[in-house]
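Colleague:
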Amino acid sequence: MSYFLSHRILADIGQEGCETAAQVAEEAIKAERLCPIALSVSVAGSWFIGVIYLLSLLFSVQSIASVQNTSYALPITQLIYDAVGRELAILLIVIILVAQWAAALTAWTASSRLFFALARDRAFPFQKTFMTLSQTGAPYAGVWLSVFVGCVIAAAYIGSAIAFNGILAAAAIGVLLSYSVPIFCRVFWPNTLDERGPFTLGRYSWTLNLLSLLFCLFSCVLFILPTSTPVTSLNMNYAILAIGAILILVALQYLIWGQWIFRGVVTTYGATSLAEGVDITGEEKGNYISVRGTISDL
Numbered sequence: 011m012s013y014f015l016s017h018r019i020l021a022d023i024g025q026e027g028c029e030t031a032a033q034v035a036e037e038a039i040k041a042e043r044l045c046p047i048a049l050s051v052s053v054a055g056s057w058f059i060g061v062i063y064l065l066s067l068l069f070s071v072q073s074i075a076s077v078q079n080t081s082y083a084l085p086i087t088q089l090i091y092d093a094v095g096r097e098l099a100i101l102l103i104v105i106i107l108v109a110q111w112a113a114a115l116t117a118w119t120a121s122s123r124l125f126f127a128l129a130r131d132r133a134f135p136f137q138k139t140f141m142t143l144s145q146t147g148a149p150y151a152g153v154w155l156s157v158f159v160g161c162v163i164a165a166a167y168i169g170s171a172i173a174f175n176g177i178l179a180a181a182a183i184g185v186l187l188s189y190s191v192p193i194f195c196r197v198f199w200p201n202t203l204d205e206r207g208p209f210t211l212g213r214y215s216w217t218l219n220l221l222s223l224l225f226c227l228f229s230c231v232l233f234i235l236p237t238s239t240p241v242t243s244l245n246m247n248y249a250i251l252a253i254g255a256i257l258i259l260v261a262l263q264y265l266i267w268g269q270w271i272f273r274g275v276v277t278t279y280g281a282t283s284l285a286e287g288v289d290i291t292g293e294e295k296g297n298y299i300s301v302r303g304t305i306s307d308l
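Using the working numbering, read the sequence shown as starting at 11 and increasing by one per residue.
1. Once you ignore the five residues that flank Val157 on each side, which residues in its own chain have a CB closer than 8 Å to its CB?
2. Can you list, in chain order, the residues of its chain with a C-beta nearer than 6 Å to that of Ala120? Leave out the 5 residues immediately preceding and following it.
3. Sorted by chain position, which residues of the same chain lie with C-beta nearer than 6 Å to Lys180's C-beta, five sequence neighbours on each side aside?
4. Within the region 79 to 128, note down every full alpha helix (DSSP H) run reaching 4 residues or more, in order along the chain.
5. Using only CA atoms, which one of Ser73, Asp131, Gly169 and Ser170 lies nearest to Trp267?
6. In this structure, does DSSP put Cys28 in helix, strand or coil?
7. Mind checking which residues open and close the alpha helix (DSSP H) that includes Gln263?
8. Roughly how many angstroms separate the alpha carbons of Gly160 and Arg43, rounded to a whole number?
9. Is DSSP giving Pro236 helix, strand or coil here?
10. Quick one: what's got a C-beta closer than 7 Å to Asp92's C-beta in the same chain, skipping five residues either side?
11. Measuring alpha carbon to alpha carbon, tell me which of Ala114, Phe228 and Gln88 ends up nearest Phe103.
12. In the DSSP assignment, find the unbroken alpha helix (DSSP H) run with Asn175 in it and report its ends.
13. Which term fits Leu186, buried or exposed, when burial requires 16 or more other beta carbons within 10 angstroms of its beta carbon?
14. So the alpha helix (DSSP H) Pro46 belongs to, where does it begin and stop?
15. From Thr282 to Leu128, what does the alpha carbon distance come to, in whole angstroms?
16. What do you reckon, are the CB atoms on Leu143 and Pro149 nearer than 7 Å?
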């Protein structure tokens with residue numbers, strides 16, 4: 011049972027990222043209806059494709075010892091090589107690389123929009139930089155910062171697989187915690203929304219939110235646990251240290267910046283965003299904030 015639970019985290023990672031539809035909602039038409047549908051289809055599609063992929067791998071295993079003792083950096087390469095030979099193995103690995111590249115593009119798209127939104131709400135420093143759009147309408151500062159951070163994390167694998175795995179686990183926990191915050195609010199303050207949107211869970215909303223919250227918290231615990239025993243400094247799961255460091259940085263950012271600058275969420279209308287204390291030139295004396303172009307034009 012413990013073996014199953016410790017390795018279920020890989021399935022959790024495959025399900026993450028469905029919230030990208032919500033992060034680009036400002037760029038969608040009829041987002042109040044289409045974004046929830048996109049979220050649901052993303053979860054169902056990830057589960058369906060993931061099951062087929064895992065079953066294909068399991069039925070393709072020729073020798074567990076060969077996979078465990080492989081000289082390749084990625085053991086899955088040995089598994090595929092044993093099953094289909096050199097030529098097809100190269101083709102399948104290339105397909106996996108393309109899929110990983112597409113996943114990276116999705117992550118960069120989502121994170122760049124988060125930088126834009128946080129800067130617009132004055133919850134992040136360098137507001138003007140991260141709100142500036144390129145000629146094609148993209149928040150390029152957020153895009154390139156996301157690319158840089160992604161490359162640094164990928165390079166960590168070259169230096170230490172333990173550090174890389176800790177970063178991945180910490181990232182997964184961070185995503186799950188971000189899921190948990192709005193769900194937590196809906197569980198304990200279910201009547202805070204005056205009206206529901208066109209996509210609703212109806213009378214099952216509270217029950218499903220509670221189950222979702224419990225699932226997220228349970229998964230966070232699994233991501234913190236070590237994946238092998240006995241636990242040593244070489245196989246320890248350092249995700250808890252990374253999460254602790256992130257929480258400390260967030261607390262410092264709030265104490266130094268957030269509590270003095272952040273005044274609430276800014277609502278976007280066309281090319282301008284309604285914000286208290288900011289005019290269309292970006293100075294803190296009007297009621298609007300303007301950007302070159304509009305994020306909804308992307």
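The beta carbon of each residue, even a glycine, is placed where N, CA and C say it ideally should be.
Modeller: According to the structure shown:
1. On the sequence shown, residue 157 is found 147 positions in, with the first residue counted as 1. If we look at Val157 and ignore the five residues flanking it on each side, its Cβ neighbours are Trp118.
2. As a first step, residue 120 must be located in the sequence shown, where it is residue number 110. Cβ neighbours of Ala120 beyond the five flanking positions: Thr30 and Gln33.
3. Here residue 180 refers to the residue found at position 170 when the sequence shown is read from its first residue. Looking at the sequence itself, residue 180 is Ala, so the reference to Lys does not match. Closer than 6 Å at the Cβ level, and outside the excluded window around Ala180, lie Ala249, Ala252 and Ile253.
4. 85 to 94
5. Here residue 267 is taken as the residue at index 257 of the sequence shown, counted from 1. Of Ser73, Asp131, Gly169 and Ser170, the residue nearest in Cα terms is Asp131.
6. Residue 28 sits at position 18 when you count from the first residue of the sequence shown. DSSP places Cys28 in coil when its eight states are reduced to three.
7. Along the sequence shown, one-based indexing puts residue 263 at 253. Ala249 to Gln263 is the extent of the alpha helix (DSSP H) around Gln263.
8. In the sequence shown, counting from the first residue as 1, residue 160 sits at position 150. In the sequence shown, counting from the first residue as 1, residue 43 sits at position 33. One C-alpha to the other measures close to 31 Å.
9. Here residue 236 is taken as the residue at index 226 of the sequence shown, counted from 1. The answer is coil: DSSP assigns Pro236 none of H, G, I, E or B.
10. The residue labelled residue 92 in the question sits at position 82 within the sequence shown. Gln72, Ser73 and Ser76.
11. In the sequence shown, residue 103 corresponds to position 93, counting from 1. Note that residue 103 is Ile in the sequence shown here, rather than Phe. Closest option to Ile103, Cα to Cα, is Gln88.
12. Position 165 of the sequence shown, counted from the start, is the residue given in the question as residue 175. Ala171 to Phe198 is the span of the alpha helix (DSSP H), which, as asked, contains Asn175.
13. For the purposes of this step, residue 186 is taken as the residue at position 176 of the sequence shown. By the 10 Å Cβ count, Leu186 comes out buried.
14. In the sequence shown, residue 46 corresponds to position 36, counting from 1. Where Pro46 is concerned, the enclosing alpha helix (DSSP H) stretches over Ala41 to Ser70.
15. Residue 282 sits at position 272 when you count from the first residue of the sequence shown. Residue 128 sits at position 118 when you count from the first residue of the sequence shown. The predicted position of Thr282 is uncertain, since its pLDDT is 42 and thus under 50; no value can be drawn from it.
16. Reading the sequence shown from its first residue, position 133 is the one you call residue 143. Reading the sequence shown from its first residue, position 139 is the one you call residue 149. Taking 7 Å as the Cβ cut-off, Leu143 and Pro149 qualify as a contacting pair.
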